[in-house]
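Numbering (this note's numbering), first residue to last: 16 to 381. This report refers to the structure that appears directly beneath it.
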């Protein structure tokens, strides 16, 4: 005699889809798995139904820190002889070489027209801007080898308003992606924010209670290579999920080909859903394997699903997330970006574009 009762909402094909989703995203929440089931299988069910189906399949959520893989060696990075090399035509290590200037000269050279010719070469002005962002010195303390600081400052502000540094970076980013045989338009991006201190110079600032930092927040959207797509500087008191909409809108408007966005757990929930609805992005939340609030899914006999090795101190390289973290570390090599010394957030954004462009220019011309 067969058992009677209400038929199950999820059949064997749906359970197989769920098992595949769990294997691909072991750190996903129950709500994220339910939404992914709707997209992949076309079945709209309650999260409790998904939980029951996973429980019957033997898949359960495990909370706690994964067992570290002792002896796992991580690559080490640092300055080499190539970083310390200086060409004869470079007045300072931050100055552009002849090969580097040849790639970008047309962006800064003024077209011939009426009026007096420029008193200073555009290359000297660009070198002065690179010197300021690399050393972090005040405008009035520029060395005498450069043009007068007031001339350099006004030129920098004019170029920033014209978007020269952003256009410079976009050109170099496309050249680098072409060199490594990538398409110029990225299809995936990574979002993250970093709070840094602000100086007594003034301007918009706030207090980040999570990081215990009083200053501003630098929101970056980069591609999977760590190259900058969009930047937004806000007060540190603004939550990451609130500042995400503006910088993501800039990135999507500039690169409509972006389809996937990798974020951390701070952007999960309503923010991820809003980004998906407004821009049509697939928001993938990358969580730490030791996240006790969410945990990770594990099937019987399948072993540890999170295969990334961890060190004895618990450090683990998070997939995709490490790319934007590395970009933040690149920016902090420029001493001007360690602390916000400018009143206007737009000026701080221009420094980020120049710093990233300088790094790319050295790689392309080197």
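A virtual CB, placed ideally from N, CA and C, is assigned to each residue, including glycine. Quantities reported herein were computed from a predicted structural model and do not represent experimental measurements.
Three-state class that DSSP yields for residue 320 in the structure shown
Residue placement at residue 320 is flagged as unreliable, the pLDDT there being 48, under the threshold of 50; the coordinate-derived value follows with that caveat. Three-state DSSP puts residue 320 in coil, outside helix and strand.
Relative to the ligand MG, is the shortest distance from any of its heavy atoms to the C-beta of residue 159 smaller than 7 angstroms?
The ligand MG is not among the ligands present in this structure, which contains no ligands whatsoever.
Cα-Cα separation, residue 117 to residue 212
36 angstroms
Going by DSSP, name the residue or residues bridged to residue 229.
222
Here's a check: name, in chain order, each residue in its chain whose Cβ is nearer than 6 angstroms to the Cβ of residue 242, leaving out the five neighbours to either side.
188
Kindly give me the distance between the Cβ atoms of residue 350 and residue 149, rounded to whole angstroms, as I take these residues to be in contact under 8 angstroms.
7 angstroms
According to DSSP, is residue 273 helix, strand or coil?
coil
Expressed to the nearest angstrom, what Euclidean distance is found between the alpha-carbon atoms of residue 32 and residue 58?
11 angstroms
Straight-line CA distance for residue 313 to residue 41?
7 angstroms
Cβ pair count under 8 angstroms reaching 3, the stretch 243-251 against the stretch 366-380:
yes
Please state whether DSSP places residue 101 in a helix, a strand or coil.
coil
Closest Cα partner of residue 363 within the set 154, 376, 248
248
State the DSSP-derived secondary structure class of residue 293, mapped to helix, strand or coil.
helix
Mapping DSSP to helix, strand and coil, what is residue 43?
coil
Grab the span of the beta strand (DSSP E) containing residue 65 for me, first residue to last.
Element bounds for residue 65: not the beta strand (DSSP E) but the alpha helix (DSSP H), 62-71.
Around the Cβ of residue 184, are there at least 16 other Cβ atoms within 10 angstroms (buried) or fewer (exposed)?
buried
Specify the secondary structure class of residue 363 as computed by DSSP and reduced to three states.
helix
Can you tell me whether residue 239 is helix, strand or coil according to DSSP?
coil
For residue 343 and residue 235, believed in contact at Cβ under 8 angstroms, the rounded distance
7 angstroms
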